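Residue numbers (the working numbering): 792 to 1061.
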């Protein structure tokens, strides 16, 4: 059911505080824009007069005009406006009677809520209806709380992308493995050259093989260090990457080379 012009106005008055009459009056023009089924001409005149009285704060006069309008043309929208005007005119006894008449009508949820709130403001709110309203509010709050908890749990427990899907970490890991392979190859080559140097037939060949073995061993150590560093970097990347499921972890990695030695270290809070 659609409410005509005065309905929105009086509903705003019903929901507003008693001291907010100025704001209620400003809403009258907005209420006049709402249109429902056409009224009879005589009814509309009474209705418009009621609006004028309402704007002037003459709720008693508005209620009387609305009573005449409803007698001329019984309509739920006029009945609702009449009840609201009676309440604002401090005649809650009559307003309560009109509200209860409206409760017997086929109203939508919003209009029924307006009727119940009018009864509540008049102190005539049915306890069963009060309990029903409170239960509905409690269910709504519980539902909202559960939805918030569900959203928070989903955000906290959501699965991150798997570590092996990180292309940066994968690139570092593969490069590190290649580095270890190169280091191993040069290490074996260096060992073979050292063995050959021991069996050399001449001093010049011995010195040449030893020098070559030393260079290849240095390359081997360098390749081992770089490979280990890249693998360490891959590990650090896998640990610290942002997959959306946990905070980043600070990790430090370092490598070093020396005269025939080298190494790699990784540290941090895991």
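From the three backbone atoms N, C-alpha and C, an ideal C-beta is built for every residue, glycine too.
This one's a predicted model, so the numbers in the text were calculated from it and none came from an experiment.
- Around the beta carbon of residue 862, fewer than 16 other beta carbons sit within 10 angstroms, so the residue counts as exposed.
- The continuous alpha helix (DSSP H) containing residue 859 extends over residues 850 to 863.
- At the C-beta level, residue 974 and residue 1012 come within 9 Å of one another.
- Judged by DSSP secondary structure, residue 1013 falls within the alpha helix (DSSP H) whose first and last residues are 994 to 1031.
- Relative to the Cα of residue 845, the nearest Cα in the group 870, 1010 and 879 belongs to 879.
- Contact fails between the segment 929 to 948 and the segment 907 to 914, because fewer than three Cβ pairs, one in each stretch, are under 8 Å apart.
- In the structure shown, residue 839 adopts helical secondary structure according to DSSP, grouped into three states.
- In this chain, the alpha helix (DSSP H) harbouring residue 890 covers 883 to 894.
- In the three-state reduction of the DSSP assignment, residue 831 falls in the coil class.
- Excluding five sequence positions before and after residue 858, the CB atoms of its chain that fall closer than 7 Å to its own CB belong to 873, given in chain order.
- Between the alpha carbons of residue 899 and residue 871 lies a gap of roughly 13 Å.
- Here residue 966 has 1021 as same chain residues with Cβ atoms under 6 Å from its own Cβ, once five neighbours each way along the sequence are excluded.
- Straight-line measurement puts the Cα of residue 838 at about 9 Å from the Cα of residue 830.
- Less than 9 Å separates the beta-carbon of residue 834 from that of residue 860.
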